[in-house]
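Its first residue numbered 1, the sequence shown is counted upward by one per residue in the UniProt record's numbering.
Here is the structure we will look at, set down as structure tokens.
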Amino acid sequence: MTVLFRDGWTDRMGRARQSEDAPPEDFGAQATGAPFVISVSGDPTAAGFHKRVTDEGLPLRWVTIEAVAEGRLPLAVLAEWMAAAPGVYIRDGWSADAGDVALRAVLAALCDAHPNVIRAGERSTNWCKPFHVAALAAVPRRVAQLPPTLMTTRHALAGRVVKNCSSAPSFVLDGDTLSGVAEPVLSQARLRGREFRVHVLDGVCFTVEVVTTALDYRKEGGAEMRPAVIDAALAADLCDLTEAEGLRFSGIDLILTGEGPFVIEVNPMPGYHGYDLALWGEESITTRLYNRLSRVP
Numbered sequence: 001m002t003v004l005f006r007d008g009w010t011d012r013m014g015r016a017r018q019s020e021d022a023p024p025e026d027f028g029a030q031a032t033g034a035p036f037v038i039s040v041s042g043d044p045t046a047a048g049f050h051k052r053v054t055d056e057g058l059p060l061r062w063v064t065i066e067a068v069a070e071g072r073l074p075l076a077v078l079a080e081w082m083a084a085a086p087g088v089y090i091r092d093g094w095s096a097d098a099g100d101v102a103l104r105a106v107l108a109a110l111c112d113a114h115p116n117v118i119r120a121g122e123r124s125t126n127w128c129k130p131f132h133v134a135a136l137a138a139v140p141r142r143v144a145q146l147p148p149t150l151m152t153t154r155h156a157l158a159g160r161v162v163k164n165c166s167s168a169p170s171f172v173l174d175g176d177t178l179s180g181v182a183e184p185v186l187s188q189a190r191l192r193g194r195e196f197r198v199h200v201l202d203g204v205c206f207t208v209e210v211v212t213t214a215l216d217y218r219k220e221g222g223a224e225m226r227p228a229v230i231d232a233a234l235a236a237d238l239c240d241l242t243e244a245e246g247l248r249f250s251g252i253d254l255i256l257t258g259e260g261p262f263v264i265e266v267n268p269m270p271g272y273h274g275y276d277l278a279l280w281g282e283e284s285i286t287t288r289l290y291n292r293l294s295r296v297p
């Protein structure tokens, strides 16, 4: 059986074919029983995961969304591989036009039938920032706080962080620059303190401190990552927030101020590769992720 999902792919297909991070396509191979990752071609997190695992000499299959969308990988073969795999890590990082929605539905059905899948769950609220803030606020917490937040059409909010209400990763610092924008925006107090990134994977926290002066170090660069530790009460809060979002694996942005820790968001599909500072072993996110996919306790 071959099903084509072509809508919305033209530009990404061209870029993916030129990517050096794309895996080799060996669709004639038999199902091996190895865990695998599904992502768009060139996804840096999938590429980093694949490289670290295979550098250790461990089996891992990497399947690209493009191969399925273009019909090069028949769905029957994909279903066979998934059924034989001990675990599947799916990185849902493509757009939501017509063909992509159909492909998502097929992959979701295959994942729903599998007992060990790590992916962005349907219960995650991060796709809508106001909803996300409200959902996190409803979860009982010990010490973690949420930043003061306002959704408004009044954009003269200088001194605050102004975000898109959707999941689009965009914001400006000065609300005056939005004078020509009509739709509502999400405004949050700008917090000053130590910045952390915490990844929660099946109840275990992996923490790094991000030393930076930038408002968004992911765009502006210049950040230094340092291994860090958070206290047990905060770790328990972050695990509870992850579970409430229906996730096994999350990336949480955290700022520690003089008034305590503030959770900025719970990312359902974290690009963790730049934060995995440890060598292969118990303190490595990649090690634990691979072990969980392989059903290692």
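Don't be surprised by glycine CBs; every beta carbon is placed ideally from N, CA and C.
Keep in mind that this is a model prediction, so the values were computed, not measured.
Practice task
Evaluate residue 231 with the Cβ neighbour count: other Cβ atoms within 10 Å of its Cβ, from every protein chain shown; 16 or more gives buried, anything less gives exposed.
Solution key: exposed
Problem - residue 219 classed as buried or exposed, judged by whether at least 16 other C-beta atoms fall within 10 angstroms - result: exposed
Practice task
Measure the C-alpha to C-alpha separation of residue 286 and residue 51 and round it to an integer number of angstroms.
Solution key: 10 Å
Problem - Which of helix, strand or coil DSSP assigns to residue 191 - result: coil
Practice task
State buried or exposed for residue 295, treating a residue as buried only when at least 16 other CB atoms are found within 10 Å of its CB.
Solution key: exposed
Practice task
Give the DSSP bridge partners of residue 61, in chain order.
Solution key: 36
Handout entry: CA nearest to the CA of residue 253, picked from 262, 132, 125
Key = 262
Handout entry: Local conformation of residue 212 per DSSP, three classes
Key = coil
Problem - C-beta atoms of residue 265 and residue 132 nearer than 8 Å - result: yes
Exercise for the section: Go to residue 263, then tell me how far its beta strand (DSSP E) extends in each direction, as first and last residue. Expected result: 260 to 267
Exercise for the section: With distances taken Cα to Cα, identify the nearest neighbour of residue 122 among 279, 268, 291. Expected result: 268
Exercise for the section: At 3 residues or longer, and completely inside the segment 86 to 165: list those beta strand (DSSP E) runs for me, N to C. Expected result: 88 to 90, 149 to 152, 160 to 163
Practice task
Return the Cβ separation of residue 91 and residue 46 in integer angstroms, given the expectation that the two are a contact with Cβ distance under 8 Å.
Solution key: 6 Å
Practice task
Have a look at 53, 225, 200, 259 and flag the residue whose alpha-carbon is nearest the alpha-carbon of residue 237.
Solution key: 200
Practice task
Kindly indicate which three-state DSSP category residue 197 falls into: helix, strand or coil?
Solution key: strand
Practice task
Verify whether the separation of the beta carbon atoms of residue 161 and residue 190 is less than 8 Å.
Solution key: yes
Exercise for the section: Identify the continuous beta strand (DSSP E) that holds residue 227 and give its terminal residues. Expected result: 224 to 227
Problem - Contact under 8 Å by Cβ, residue 347 with residue 139 - result: Residue coverage of the chain in this structure runs from 1 to 297, which leaves residue 347 outside it and unanswerable.
Handout entry: Close Cβ partners of residue 226 (< 7 Å) along its chain, the five nearest in sequence each way excluded
Key = 208, 209, 211
Problem - residue 271, DSSP secondary structure in three states - result: coil
Exercise for the section: State the DSSP-derived secondary structure class of residue 204, mapped to helix, strand or coil. Expected result: strand
Exercise for the section: May I have the straight-line CA-CA distance separating residue 134 from residue 124, to the nearest angstrom? Expected result: 12 Å
Problem - Other residues of its chain near residue 281: CB distance less than 7 Å, five sequence neighbours each side excluded - result: 287
Practice task
Go to residue 251, then tell me how far its beta strand (DSSP E) extends in each direction, as first and last residue.
Solution key: 249 to 257
Exercise for the section: Count the other CB atoms, across all protein chains shown, that sit within 10 Å of the CB of residue 44; report buried if there are 16 or more and exposed otherwise. Expected result: exposed
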